[in-house]
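2 protein chains.
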Amino acid sequence: MYSISEISNLTGISAFTLRYYEKIGVLPNPNRKNGIREYSEQDLEFILFINGLKKTGMKLEDIAKFSEDGCLKSQTEETIISDTLSKRIDILTEHLESLEQQLSDILAVKKVAEDKKAFYSSMLHNKR
Amino acid sequence: MYSISEISNLTGISAFTLRYYEKIGVLPNPNRKNGIREYSEQDLEFILFINGLKKTGMKLEDIAKFSEDGCLKSQTEETIISDTLSKRIDILTEHLESLEQQLSDILAVKKVAEDKKAFYSSMLHNKR
DNA sequence: ACTTGACTTAGAGTTCACTCTAACCCTTAC
DNA sequence: GTAAGGGTTAGAGTGAACTCTAAGTCAAGT
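Just so you know, the protein sequences line up as chains A and B, in that order. At position 73 of the first sequence the residue is numbered 73 (full-length UniProt numbering), and the sequence of numbers has no breaks. At position 2 of the second sequence the residue is numbered 2 (full-length UniProt numbering), and the sequence of numbers has no breaks.
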């Protein structure tokens, strides 16, 4: 079990931000003992994944949609589960497409940047 | 030769943003005819590269440092050129490191996202 | 002649994601 | 008992990167 400051140290996310994420629904409410947050190993893993989504450009609003249980009382157990699953699958599918786009952007920029760097280095070398 | 709206269409960057980039030094001033911007093929290429830097997370402030000539009158030709080259090399080197970090972040998230997606899909499948 | 699309400066407004403060309470370890 | 570390709400402030408006000028094409 981890305290909020331990999670903060392990993830690099400040305690402020962790509470903020909880408030806006990006992170689920963890178990509490005397009102104090106690994070499990699975909570930590989930937070790391969520942080990965954020680092790779997913908006907090969309992460919140992924995180939430979608437990509307008006729905049956069956529908809740299917809807939640479908929703999560959709969000992941879309993000995976974005990841492919990012990969190709990065590889393209990397190539040009390497070429330019080599070119500038050779100019610098010839000057001396 | 391209007009600002052509460049906007070709790059996906709005004319507003192109002028804004010029104002804050992210993009150099292009040639003008009667005060109207005329972009060359090389200008277009440079803009596409700059846009790649931005898309891969470089701050506009740093892009501006990369873009500027650094032509301080107090320096000799020699120093100007060497300083400009070294500066550009430094910026590219640092960004290439960031690109590596991004690649590993993306690959890590991609793996977990694919696993989760497969897991959710199988749950959904078993439900039906 | 008129429409279109360019130009200018200055500044207001927006969105996103924090980041922190205020002001106050509660519990556990030393 | 006191300090350290946790809790709450509400809201202010920050910084980055746009995004657009106002209000006017100008030049080329139909």
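Beta carbons are placed, not taken as given, at the ideal position from N, Cα and C, and that holds for glycine. All of these numbers come straight from a predicted model, not from anything done at the bench.
Please state whether DSSP places Lys111/A in a helix, a strand or coil.
If you number the first sequence from 1, residue 111/A lands on position 111. If DSSP states are grouped into helix, strand and coil, Lys111/A belongs with the helices.
Cutoff 8 Å; reference Glu114/A; Cβ partners in own chain excluding five residues on either side:
The residue given as residue 114/A occupies position 114 in the first sequence. Taken in chain order, the list of residues that qualify is empty.
Against chain A: residues of the stretch 34-48 of chain B by CB proximity under 8 Å
none
Comparing alpha-carbon positions, which option in Tyr2/B, Arg88/B, Thr56/B, Lys23/B lies nearest Ile36/B?
To locate residue 36/B, count along the second sequence from 1; it is residue 36. Measuring from the Cα of Ile36/B, the nearest candidate turns out to be Tyr2/B.
Helix, strand or coil at Lys116/B according to DSSP, with G and I counted as helix
Position 116 of the second sequence holds residue 116/B. Lys116/B falls in the helix class under three-state DSSP.
Ser122/B to Phe49/A span [Cα, whole Å]
On the second sequence, position 122 is the one that residue 122/B refers to. On the first sequence, position 49 is the one that residue 49/A refers to. Using only the alpha carbons, I get a separation of about 20 Å.
Contact with chain B by Lys110/A, beta-carbon distance below 8 Å
Counted from its first residue, the first sequence places residue 110/A at position 110. Judged by the 8 Å Cβ criterion, Lys110/A is in contact with chain B.
Looking at chain A, which residues of the stretch 89-110 of chain B have a Cβ within less than 9 Å of any of its Cβ atoms?
Ile89, Leu92, Thr93, His95, Leu96, Leu99, Glu100, Gln102, Leu103, Asp105, Ile106, Leu107, Ala108, Val109, Lys110
For chain B, find out if any of its Cβ atoms is closer than 8 Å to the Cβ of Lys73/A; answer yes or no.
The residue labelled residue 73/A in the question sits at position 73 within the first sequence. Residue confidence for Lys73/A is low, a pLDDT of 45 falling below 50, so the modelled location carries little weight and cannot support an answer.
Cβ of Lys116/B within 8 Å of Cβ of Leu92/A?
Counting from one through the second sequence, the residue named residue 116/B turns up at place 116. Counting from one through the first sequence, the residue named residue 92/A turns up at place 92. Their beta carbons are under 8 Å apart, which means Lys116/B touches Leu92/A by this criterion.
Return the first residue and the last residue of the alpha helix (DSSP H) that Glu41/A is part of.
Locating residue 41/A in the first sequence gives position 41, counting from the first residue. Per DSSP, Glu41/A belongs to the alpha helix (DSSP H) from 41-55.
When the Cβ atoms of the stretch 101-109 of chain B are set against those of the stretch 97-106 of chain A, are three or more pairs found closer than 8 Å?
With three or more CB-CB distances shorter than 8 Å, the stretch 101-109 of chain B counts as touching the stretch 97-106 of chain A.
Where does Glu68/B fall in DSSP's three states?
On the second sequence, residue 68/B is found 68 positions in, with the first residue counted as 1. Note: Glu68/B maps to coil in three-state DSSP.
Test item: CB-CB of Ile47/A and Leu27/A under 8 Å
Here residue 47/A refers to the residue found at position 47 when the first sequence is read from its first residue. Here residue 27/A refers to the residue found at position 27 when the first sequence is read from its first residue. In this structure, Leu27/A lies closer than 8 Å to Ile47/A by Cβ.
Residues near His95/A in its chain [Cβ-Cβ closer than 7 Å; skip 5 each side]:
Within the first sequence, numbered from 1, the residue matching residue 95/A stands at position 95. Correct list, in chain order: Leu53, Met58.
Span of the alpha helix (DSSP H) around Lys23/B
Translated into the one-based positions of the second sequence, residue 23/B becomes position 23. Lys23/B -> alpha helix (DSSP H) spans 15-23.
Check whether the Cβ of Leu124/B lies closer than 8 Å to any Cβ atom in chain A.
Looking up residue 124/B in the second sequence gives position 124. Yes, its Cβ sits closer than 8 Å to a Cβ of chain A.
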